[in-house]
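Engineer: In the order they appear, the protein sequences are chains Z and G.
Counting in the working numbering, the first sequence runs without a single skipped number right up to 473 at its last residue.
Counting in the working numbering, the second sequence runs without a single skipped number right up to 473 at its last residue.
Ideal Cβ positions, reconstructed from N, Cα and C, are used throughout, including at glycine.
Given the structure is predicted, the values throughout are model-derived calculations rather than measurements.
One structure follows; several queries about it will come next.
Number of protein chains: 2
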Amino acid sequence: MSSASVGWVARRLAGALQRRLAPARVRLELWDGSSPYDGVDPPVGALVVRDARTLRRVLFDPHLHFGETYMTGTLEVRGGLEPVLEAVSRLSLTPTLRDRLTLRFPPANTPRRSRRNVHHHYDLGNDFYSGWLDRELLYTCAYFEHPDLTLERAQIAKMDLVCRKLRLRPGETVVEAGCGWGALALHMAREYGVRVKAFNISREQTAYARTRAAREGLASQVEFIEDDYRNVRGEYDVFVSVGMLEHVGLKHFPSLAAVLTRAVRRTCGRGLLHFIGRDQPRPLNAWIRRRIFPGGYPPALAEVATRVLAPARMSILDVENLRLHYARTLAHWSRRFAAMGDQVRTRYSEEFRRAWELYLAGSEAAFVTGSLQLFQVVFAPAEADPPHWTRAEIYRSAGPRASYELIGLD
Amino acid sequence: MSSASVGWVARRLAGALQRRLAPARVRLELWDGSSPYDGVDPPVGALVVRDARTLRRVLFDPHLHFGETYMTGTLEVRGGLEPVLEAVSRLSLTPTLRDRLTLRFPPANTPRRSRRNVHHHYDLGNDFYSGWLDRELLYTCAYFEHPDLTLERAQIAKMDLVCRKLRLRPGETVVEAGCGWGALALHMAREYGVRVKAFNISREQTAYARTRAAREGLASQVEFIEDDYRNVRGEYDVFVSVGMLEHVGLKHFPSLAAVLTRAVRRTCGRGLLHFIGRDQPRPLNAWIRRRIFPGGYPPALAEVATRVLAPARMSILDVENLRLHYARTLAHWSRRFAAMGDQVRTRYSEEFRRAWELYLAGSEAAFVTGSLQLFQVVFAPAEADPPHWTRAEIYRSAGPRASYELIGLD
Chain Z
64 MSSASVGWVA
74 RRLAGALQRR
84 LAPARVRLEL
94 WDGSSPYDGV
104 DPPVGALVVR
114 DARTLRRVLF
124 DPHLHFGETY
134 MTGTLEVRGG
144 LEPVLEAVSR
154 LSLTPTLRDR
164 LTLRFPPANT
174 PRRSRRNVHH
184 HYDLGNDFYS
194 GWLDRELLYT
204 CAYFEHPDLT
214 LERAQIAKMD
224 LVCRKLRLRP
234 GETVVEAGCG
244 WGALALHMAR
254 EYGVRVKAFN
264 ISREQTAYAR
274 TRAAREGLAS
284 QVEFIEDDYR
294 NVRGEYDVFV
304 SVGMLEHVGL
314 KHFPSLAAVL
324 TRAVRRTCGR
334 GLLHFIGRDQ
344 PRPLNAWIRR
354 RIFPGGYPPA
364 LAEVATRVLA
374 PARMSILDVE
384 NLRLHYARTL
394 AHWSRRFAAM
404 GDQVRTRYSE
414 EFRRAWELYL
424 AGSEAAFVTG
434 SLQLFQVVFA
444 PAEADPPHWT
454 RAEIYRSAGP
464 RASYELIGLD
Chain G
64 MSSASVGWVA
74 RRLAGALQRR
84 LAPARVRLEL
94 WDGSSPYDGV
104 DPPVGALVVR
114 DARTLRRVLF
124 DPHLHFGETY
134 MTGTLEVRGG
144 LEPVLEAVSR
154 LSLTPTLRDR
164 LTLRFPPANT
174 PRRSRRNVHH
184 HYDLGNDFYS
194 GWLDRELLYT
204 CAYFEHPDLT
214 LERAQIAKMD
224 LVCRKLRLRP
234 GETVVEAGCG
244 WGALALHMAR
254 EYGVRVKAFN
264 ISREQTAYAR
274 TRAAREGLAS
284 QVEFIEDDYR
294 NVRGEYDVFV
304 SVGMLEHVGL
314 KHFPSLAAVL
324 TRAVRRTCGR
334 GLLHFIGRDQ
344 PRPLNAWIRR
354 RIFPGGYPPA
364 LAEVATRVLA
374 PARMSILDVE
384 NLRLHYARTL
394 AHWSRRFAAM
404 GDQVRTRYSE
414 EFRRAWELYL
424 AGSEAAFVTG
434 SLQLFQVVFA
444 PAEADPPHWT
454 RAEIYRSAGP
464 RASYELIGLD
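Take a look at the structure:
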């Protein structure tokens, strides 16, 4: 604890910040050990501010500087990072001018900038991600058929849920936009006998996916293409995209609509979009945008309906909101990430480690409180028949699948 | 067949109309028995035009005058009404100026006008509807767990699907907006032990529902209120509305949002909207608006998300599109309606009978071709937990229920 005294200006500012935090029952503590908290209820936890500059930054621009100062360690959290973030996330912070401008003038994600954005996040090293993701390296919301499923199983259940919703049939063709390390493409080919073209602009991920396809003898069925989704050519029975739409950006929804228009067979085609979304339009948190997901934007369902699906003359057949499943997925990731803290600190830096710790816990809080949603949307050309007569077919005979064995879970 | 000759103007007009119908493989026949059809493919069916005035009306304003002239019988259809309407419905007719104006300046459905609109349609006499609806008098899309389910069972399955999606628990309170003849309210009370307040502005329906509640000993659990949805007061665990949103009108979506805001408990509440919708905004067919559903508007999902659910701070949890189930429901209704043709003709008129025949067949065609959709949307306040951990719970142990016995189906 710093021994610097707290001047009267800082004391006034601290009072103002504490008044904002009080409804969340979060106690503010200053660098001299004092606190303006006078709540009668025991606090959920505390924010510890190490200096006057941090206090000013968090008070005047909390969206950005909570993260910035947490990263450097001049802001600390006591009582558990996730519960405190959950409490804070329930406060309705006024959108800043920056947020409103970002919504009004969304940044352009040109193919070049998309490549840079994706490189920033996804090319941190496959072994970084393999340290805390599941064995299949799925970096998207899992599906916990039962709340106590392991993460490994829940990720396989997610892939299966996607395939069942799409009702894949042997011999069909699938195009995947944004395929990560390739697990879903390989699962579709192995378990459902389809042929897949999978697009990704991350070099490291594509290289990994190709090696895996070759090792598993699926290279003739699955082609991994290092290219932008805008360059998808050809017609397919199925379009699927899991966790890419958040990176597309509102400005480019018409490009995605154009891809759907030309890529999905009109008579028998269908598709699925799995993405982080919102109840209503709001930009991604400013700090996450700066440090974690440059160019990211989780859209409202209505924005996807109006700007992607309607222009491509697609009917919405099925929407499922899995936000609590993403909260659980993130809790697993946080636990695993914490266990490899020393490695991350050594290989990157303490600042990097704290940034990721905050990003994972903050995302969990956002899904728990409903500030973020996770939507799976099944759609089909207006003139095509839906893949199922009733959704009951999706859930019939659900349960552990052959692939649990394949990856050694049984 | 009229013996009047076909002049050269009429022949030119007939040629123009035939060119529009040709892609649908529908043959046009004139009152002298001649036809400008020269399609090589055998036609799906034929439109028989009885006079020059009908020809002009159908050519220049098909949206309105197909129905107007079919009603009076100067337009006839050969080869099956539904298949021909299906073929015609696949043609993309240009929206008229009237359609565009209706979309831009939607009519106001004030409480007084709503009452008149509803009276126009729903107060035709309970025995009229009981002649062709199922035993429970459900005048909304049924849910065919299996395609060959009877209509009676499919309507019970629909009520059950709604209750399961909402996860009703004994002792909970439900408000229903637009309750028809009361079947769903009574089903919820009987099978799930909830207390229901059910609103309806149709006098005949409300009177019927009250009598039925008393007869079944459910009057203490279910209160039928003859009043407008805008007058819903109090807080409830569950809001449900099946087949009313189509009558609300875009202009009044904020009123419905206000009802949801005050009526649904924030911490544990949830709701379901079941409505006829569209892939994108488009007014209801002009003839249907004039003759069948004055003030009706089937909204796009995005319109409901943006203007009803987002302002009420509701999260969309689940959307299901059941359009083919509505097509099947309408096929059942058409068959039953045809069987009571003589009665309808005697009690009302041949014009009335033909109007309803066209409305039922035309709606079936619209659901088959995807020009209309049927959405069930489950929502909950952003801060409430979703009713289910996974949707599989909805489908577990699904099947014939106790109530099949109650109404004598087993």
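Cα separation between Z/C221 and Z/C204?
Structural biologist: For this step, residue 221 of chain Z is matched to residue 158 along the first sequence. For this step, residue 204 of chain Z is matched to residue 141 along the first sequence. It should be pointed out that residue 221 of chain Z corresponds to Lys in this sequence rather than to Cys. Distance between the alpha carbons of Z/K221 and Z/C204: 8 angstroms.
Engineer: When the cut-off is 8 angstroms and only beta carbons count, does G/L231 lie next to chain Z?
Structural biologist: Position 168 of the second sequence, counted from the start, is the residue given in the question as residue 231 of chain G. Cβ-Cβ to chain Z under 8 angstroms: no for G/L231.
Engineer: Tell me whether G/G462 sits in a helix, a strand or coil according to DSSP, three-state version.
Structural biologist: Along the second sequence, read from residue 1 onward, the residue named residue 462 of chain G stands at position 399. Low confidence applies here, because G/G462 scores a pLDDT of 46, under 50, leaving its location unreliable; read the following figure in that light. G/G462 falls in the coil class under three-state DSSP.
Engineer: Using Cβ-Cβ distances below 9 angstroms, what residues of the segment 409-436 of chain G are close to chain Z?
Structural biologist: Correct list: T432, G433, S434, Q436.
Engineer: Count the other C-beta atoms from every protein chain shown that fall within 10 angstroms of the C-beta of G/N263, then say buried if there are 16 or more, exposed otherwise.
Structural biologist: By one-based count along the second sequence, residue 263 of chain G stands at place 200. Buried, by the Cβ-count rule.
Engineer: Could you check whether the segment 66-78 of chain G touches the segment 418-427 of chain G, counting it as contact only if at least three pairs of C-beta atoms, one from each stretch, sit closer than 8 angstroms?
Structural biologist: At 8 angstroms Cβ cutoff, the stretches do not touch.
Engineer: In chain order, what residues of the same chain have a beta carbon less than 8 angstroms from the beta carbon of G/T432, not counting five sequence neighbours either side?
Structural biologist: As a first step, residue 432 of chain G must be located in the second sequence, where it is residue number 369. The answer, listed in chain order, is E149, S152, R153.
Engineer: Note down, in chain order, each residue of its chain lying with its Cβ closer than 6 angstroms to the Cβ of Z/M134, except the 5 sequence neighbours on either side.
Structural biologist: In the first sequence, the residue the question calls residue 134 of chain Z occupies position 71. If we look at Z/M134 and ignore the five residues flanking it on each side, its Cβ neighbours are E414, R417, A418.
Engineer: From the DSSP output, read off the bridge partner residues of Z/Y202.
Structural biologist: Within the first sequence, residue 202 of chain Z is the residue found at index 139, counting from 1. DSSP lists no partner for Z/Y202.
Engineer: Which word fits Z/P317, buried or exposed, when buried means at least 16 other C-beta atoms lie within 10 angstroms of its C-beta?
Structural biologist: Counting from one through the first sequence, the residue named residue 317 of chain Z turns up at place 254. Z/P317 is exposed by the Cβ-count criterion.
Engineer: How big is the Cα-Cα spacing for G/L187 and G/L201?
Structural biologist: On the second sequence, residue 187 of chain G is found 124 positions in, with the first residue counted as 1. On the second sequence, residue 201 of chain G is found 138 positions in, with the first residue counted as 1. Each residue's Cα considered, the two are about 15 angstroms apart.
Engineer: Check whether the Cβ of Z/T453 lies closer than 8 angstroms to any Cβ atom in chain G.
Structural biologist: As a position in the first sequence, residue 453 of chain Z is number 390, starting the count at 1. At least one chain G Cβ lies under 8 angstroms of Z/T453.
Engineer: When the distance is taken between beta carbons, is G/A375 closer than 8 angstroms to Z/A342?
Structural biologist: By 1-based counting over the first sequence, the position of residue 342 of chain Z is 279. By 1-based counting over the second sequence, the position of residue 375 of chain G is 312. With the sequence shown as reference, residue 342 of chain Z is identified as Asp, and Ala is not the correct amino acid for it. For Z/D342 and G/A375, no; Cβs fall outside 8 angstroms.
Engineer: Classify G/V301: buried if its beta carbon has 16 or more other beta carbons within 10 angstroms, exposed otherwise.
Structural biologist: In the second sequence, residue 301 of chain G corresponds to position 238, counting from 1. G/V301 is buried by the Cβ-count criterion.
Engineer: Alpha carbon to alpha carbon, what distance is there between Z/E254 and Z/E286?
Structural biologist: Walking along the first sequence from the start, residue 286 of chain Z turns up at place 223. Walking along the first sequence from the start, residue 254 of chain Z turns up at place 191. Roughly 16 angstroms separates the two Cα atoms.
Engineer: Just to confirm my understanding: we take Z/P86, look at its own chain, exclude 5 residues before and 5 after, and list those with CB closer than 7 angstroms. What are they?
Structural biologist: Against the first sequence, residue 86 of chain Z aligns to sequence position 23. Contacts found: L154.
Engineer: Taking only beta carbons into account, state which residues of the segment 181-210 of chain G come closer than 7 angstroms to chain Z, listed in chain order.
Structural biologist: Listed in sequence order: E208, P210.
Engineer: When you compare only the Cα positions, how much space is there between G/M403 and G/A77?
Structural biologist: In the second sequence, the residue the question calls residue 403 of chain G occupies position 340. In the second sequence, the residue the question calls residue 77 of chain G occupies position 14. Going from the Cα of G/M403 to the Cα of G/A77 covers about 35 angstroms.
Engineer: Given that a residue counts as buried once 16 or more other Cβ atoms are within 10 Å of its Cβ, and exposed if not, what is Z/P105?
Structural biologist: Working through the first sequence from its first residue, we reach residue 105 of chain Z at position 42. Classification of Z/P105: exposed, given that the 10 Å Cβ count is below 16.
Engineer: Using only the alpha-carbon positions, how far apart do G/L281 and G/V305 sit?
Structural biologist: Along the second sequence, one-based indexing puts residue 281 of chain G at 218. Along the second sequence, one-based indexing puts residue 305 of chain G at 242. Rounded to whole angstroms, G/L281 to G/V305 spans 21 angstroms at the Cα level.
Engineer: State the CB to CB distance for the pair Z/V181 and Z/H310, rounded to an integer number of angstroms; the pair is presumed to be in contact (CB under 8 angstroms).
Structural biologist: Residue mapping note: residue 181 of chain Z aligns to position 118 of the first sequence, counting from 1. Residue mapping note: residue 310 of chain Z aligns to position 247 of the first sequence, counting from 1. Contact holds; Cβ gap of about 7 angstroms.
Engineer: Just the Cα atoms here: how many angstroms apart are G/E468 and G/F438?
Structural biologist: Within the second sequence, the letter at position 405 stands for residue 468 of chain G. Within the second sequence, the letter at position 375 stands for residue 438 of chain G. Reliability fails at G/E468, whose pLDDT of 49 lies under 50, so the model's placement of it is uncertain and the value that follows must be treated cautiously. Looking at the two C-alpha atoms, the distance is approximately 29 angstroms.
Engineer: For G/W94 versus G/V121, is the C-beta spacing smaller than 8 angstroms?
Structural biologist: Position 31 of the second sequence, counted from the start, is the residue given in the question as residue 94 of chain G. Position 58 of the second sequence, counted from the start, is the residue given in the question as residue 121 of chain G. Going by C-beta atoms, G/W94 is not nearer than 8 angstroms to G/V121.
Engineer: Taking Cβ positions only, does G/N348 come closer than 8 angstroms to chain Z?
Structural biologist: Position 285 of the second sequence holds residue 348 of chain G. No, because no Cβ of chain Z sits closer than 8 angstroms to the Cβ of G/N348.
Engineer: Counting only beta-carbon separations shorter than 8 angstroms, does G/Q218 have a partner in chain Z?
Structural biologist: For the purposes of this step, residue 218 of chain G is taken as residue 155 along the second sequence, with counting starting at 1. No, its Cβ sits nowhere closer than 8 angstroms to a Cβ of chain Z.
Engineer: Comparing C-alpha positions only, which one of Z/Y299, Z/P357, Z/V322, Z/A276 sits nearest to Z/R333?
Structural biologist: On the first sequence, position 270 is the one that residue 333 of chain Z refers to. Answer by Cα proximity: Z/Y299.
Engineer: Going by C-alpha to C-alpha distance, which of G/R386, G/S397, G/L380 sits closest to Z/L378?
Structural biologist: The residue given as residue 378 of chain Z occupies position 315 in the first sequence. The sequence shown places Ser at residue 378 of chain Z, rather than the Leu named in the question. Of the listed residues, the one whose Cα sits closest to Z/S378 is G/R386.
Engineer: Do Z/P357 and Z/I339 have their CB atoms nearer than 8 angstroms?
Structural biologist: The sequence position of residue 357 of chain Z within the first sequence is 294, counting from 1. The sequence position of residue 339 of chain Z within the first sequence is 276, counting from 1. Not a contact, by the Cβ cut-off of 8 angstroms.
Engineer: With DSSP collapsed to three states, give me the class of Z/G334.
Structural biologist: As a first step, residue 334 of chain Z must be located in the first sequence, where it is residue number 271. DSSP places Z/G334 in strand when its eight states are reduced to three.
Engineer: Taking contact to mean 3 or more Cβ pairs, one atom from each stretch, closer than 8 angstroms, check whether the segment 155-174 of chain G and the segment 344-351 of chain G are in contact.
Structural biologist: In short, these stretches touch, since the Cβ pair count reaches three.
Engineer: Is any heavy atom in the ligand NAP found nearer than 7 angstroms to the beta carbon of Z/R179?
Structural biologist: For the ligand NAP, the structure offers nothing, since it holds no ligand at all.
Engineer: So, Z/A261 versus Z/E289, is the Cβ gap smaller than 8 angstroms?
Structural biologist: Counting from 1 along the first sequence, the entry for residue 261 of chain Z is found at position 198. Counting from 1 along the first sequence, the entry for residue 289 of chain Z is found at position 226. No, they are not a contact pair.
Engineer: Quick check: G/E235 and G/Q218, are their CB atoms within less than 8 angstroms of each other?
Structural biologist: Locating residue 235 of chain G in the second sequence gives position 172, counting from the first residue. Locating residue 218 of chain G in the second sequence gives position 155, counting from the first residue. Contact flag unset, no.
Engineer: Look up G/S68 in the DSSP assignment and say whether it is helix, strand or coil.
Structural biologist: As a position in the second sequence, residue 68 of chain G is number 5, starting the count at 1. Of the three classes helix, strand and coil, the one that applies to G/S68 here is coil, per DSSP.
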